[in-house]
Every structure is written in structure tokens, then in C-alpha cells.
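Asker: Provided herewith is a single structure, encoded as C-alpha cells, for subsequent inquiry.
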Amino acid sequence: MVRISNSLVGFLNFLTLLISFPIIGAGLWFRLHAATECERFLQLPLLVLGGFLLVVSVLGLIGACCCVSFFMWLYLFVMFLLILAMIVFTIFAFVVTNKGVGEAVSGVGFKEYRLSDYSGWLQKRVENWETWRQIDGCLKDAQVCAGLEGLAGLQDSQFLAKNLSPLQSGCCKPPTFCGFQYKNATFWTVPTAGLKSTDADCKLWSNDQGKLCYDCGSCKAGVLATLKSKWKVVSIFNIALLVLLIIVYSIGCCALRNNRAKMHGGYYPYAR
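Using the numbering used here, read the sequence shown as starting at 7 and increasing by one per residue.
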């Protein structure tokens with residue numbers, strides 16, 4: 007008679023097996039039909055995730071439903087590595103996203119963001135040319151600055167009172183400390199007396215809607231500020247997933263005991 011733990015492991019892995027197919031399909035679709043840099047960036051993570059779920063699910067199904075101890079050992083070993091990796095990742099993510107806050111500017115409704123305020127590890131990631139090229143492509147695909155076009159008719163005082171998002175503040179307008187003169191939400195000019203700062207971001211700003219401040223350190227800082235705020239939500243999901251994985255791992259250990267008991271003709275009442 008199949009024990010309840012084996013049935014649970016088999017059922018859960020059957021579900022993850024079904025989930026793996028659309029994930030792999032999405033990855034293959036992006037690989038064949040990706041039209042933007044952001045879509046091309048998604049293909050590898052989706053294929054890796056889908057392939058991983060497929061392999062682990064097959065191991066769990068064979069190990070639990072066919073009572074093959076070797077496959078259950080492999081399944082539990084992979085699960086243990088996954089749990090350990092998630093614990094390390096969660097702690098690491100808390101450490102690297104703990105530093106960095108937006109700087110309030112007097113008289114304006116939004117905050118300014120500086121790349122130097124964030125952890126060195128995150129700074130190196132976004133300063134890497136290849137990484138930033140992919141992020142920049144995603145930002146433009148998402149049209150993060152398109153919302154400012156609707157504010158073009160506002161006076162400077164009205165625009166400065168707006169509560170812009172970190173991405174809009176960092177990527178869609180020049181930094182306030184540069185001293186650019188506001189003409190409208192999408193067009194700024196250099197004052198007659200010149201800029202107030204020699205910061206590299208002031209030189210990188212362009213009124214070209216395809217450039218704006220996408221290459222500025224403030225834009226990279228805006229991305230990191232957004233990442234930090236989103237991590238608070240993701241961390242809750244990670245912790246819940248980690249608890250679920252530990253429960254599944256525990257059930258898997260019971261299923262392995264069942265397999266060994268069946269193989270040796272033994273009986274473990276606590277393994278039911």
C-alpha cells in the first residue's frame with residue numbers, strides 16, 4: 007500500500023511537472039520571436055527554470071510513485087541544495103539592498119538618487135556595460151518616461167511638486183543639482199550662467215527622447231531604488247516559498263523511509 011507521504015510527493019511533483027511545460031514553452035517562444043532586448047533577456051532564465059523544474063519533478067515522481075530510493079536520494083539532495091541556495095540568496099539580498107535611500111530636495115515633491123549611496127556590489131552590476139545595455143533596453147521598452155509627456159503643459163512649480171517615481175526622477179529628467187532650466191517636462195535648457203555642477207550626469211543629459219538621462223548614474227540609482235522597494239515584496243514570497251520547500255523536503259524524507267522499508271520488508275509506523 008502506498009504511504010501518504012509518497013502520494014503527497016508524487017502529487018506535488020506532478021503539479022510542478024505540468025508547470026514546467028508552459029515555462030519552457032515561454033522561454034522557447036522568446037528565443038524564437040523576441041523583438042526587444044528585454045524579451046531576449048528573459049529567454050535564458052525561463053529555459054533554466056523550466057528545465058530545472060522538469061528534471062526535479064521527474065526525479066520526485068519516479069522516486070515517490072515507483073518507490074525507487076536512488077531517485078529519491080537525488081531528489082532530496084537537489085532539494086537540499088535549493089533550500090540552502092535560497093537561504094543564502096535571501097540573506098545576501100537583504101545585505102546588498104539594505105543600503106541606499108533617496109535624497110529629499112527642498113521645494114520639490116520627488117527625491118533625487120545617487121549611485122554612490124548604494125552597495126558597491128550593486129554599483130558594479132549596473133555599471134557593467136553589457137548588464138546596463140539590457141536594463142536600458144527594458145526601460146525603453148517599458149516607456150518609463152512616456153508618462154512625463156502628459157505633464158508637458160505644467161509650469162515649473164507644478165512639475166517640481168509632482169511625486170515622480172525613482173525611475174522617472176533618475177532617468178527622465180536631469181538631476182536638480184545640475185541647474186538646468188525647466189521649459190517643459192521633456193525639455194530642459196542650460197542657463198546662461200552655465201550649469202551649477204560638473205558632475206558627469208549633467209553632461210550626459212539630452213533632450214533627445216531616445217537618450218534623456220538613461221546613461222546617467224542617477225538612472226542606475228533609480229533602478230536600484232526600485233529594486234530595493236520591490237525586494238520587500240519579493241522577500242515575503244521567498245520566505246513563504248522557503249517554508250513550503252522545507253515542508254516538501256520533510257515529506258520527501260518520509261517517502262524515502264517508506265521506500266527503504268518496502269525494499270527491506272520493514273515497517274515504520276512513523277513514516278505514514
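Note that the Cβ used here is the ideal one computed from N, Cα and C, for glycine as well.
If you're wondering where the values come from, they're calculated on a predicted model, not measured in any experiment.
1. Mapping DSSP to helix, strand and coil, what is residue 288?
2. The beta strand (DSSP E) spanning residue 193 covers which residue range?
3. What residue does the beta strand (DSSP E) around residue 189 start on, and which one ends it?
4. Taking the alpha-carbon of residue 218 as reference, which of 183, 234, 250, 152 has the nearest alpha-carbon?
5. Could you tell me which residues DSSP puts in a beta bridge with residue 5?
6. Quick check on the DSSP output: the alpha helix (DSSP H) that includes residue 103 runs from which residue to which?
7. Rounded to the nearest angstrom, what separates residue 139 and residue 220 at their Cα positions?
8. For a test of the three-state rule: what should DSSP assign to residue 57, helix, strand or coil?
9. Please tell me whether residue 29 and residue 66 are closer than 8 Å, where the distance is taken between their beta carbons.
10. Helix or strand or just coil, what does DSSP make of residue 178?
11. Grouping DSSP H, G and I as helix and E and B as strand, with all else coil, what is residue 233?
12. Short of 6 Å in beta carbon distance, which residues of its chain neighbour residue 102, apart from the five on each side in sequence? Order them along the chain.
13. Please determine, among 142, 243, 149, 184, the residue with the shortest C-alpha to C-alpha distance to residue 200.
14. Using beta-carbon positions only, say whether residue 226 and residue 175 come within less than 8 Å of one another.
15. Hey, residue 206 and residue 228: beta-carbon distance below 8 Å or not?
Answerer: Considering the structure as presented:
1. Residue coverage of the chain in this structure runs from 7 to 278, which leaves residue 288 outside it and unanswerable.
2. Where residue 193 is concerned, the enclosing beta strand (DSSP E) stretches over 193-195.
3. For residue 189, the enclosing beta strand (DSSP E) covers residues 187-190.
4. Nearest C-alpha to residue 218: 152.
5. Because the chain here runs from 7 to 278, residue 5 falls outside it and cannot be looked at.
6. DSSP places residue 103 in the uninterrupted alpha helix (DSSP H) bounded by 75-103.
7. Straight-line spacing of the CA atoms in residue 139 and residue 220 works out to 10 Å.
8. Residue 57 sits in a helix when the DSSP states are folded into three classes.
9. For the 8 Å CB-CB criterion, residue 29 and residue 66 do not form a contact.
10. In the structure shown, residue 178 adopts coil according to DSSP, grouped into three states.
11. In the structure shown, residue 233 falls within a helical segment according to DSSP collapsed to helix, strand and coil.
12. Excluding positions up to five away in sequence, the list reads 125, 127, 128.
13. Measuring from the Cα of residue 200, the nearest candidate turns out to be 184.
14. Contact flag unset, no.
15. Taking C-beta atoms as the reference points, residue 206 and residue 228 fail to come closer than 8 Å.
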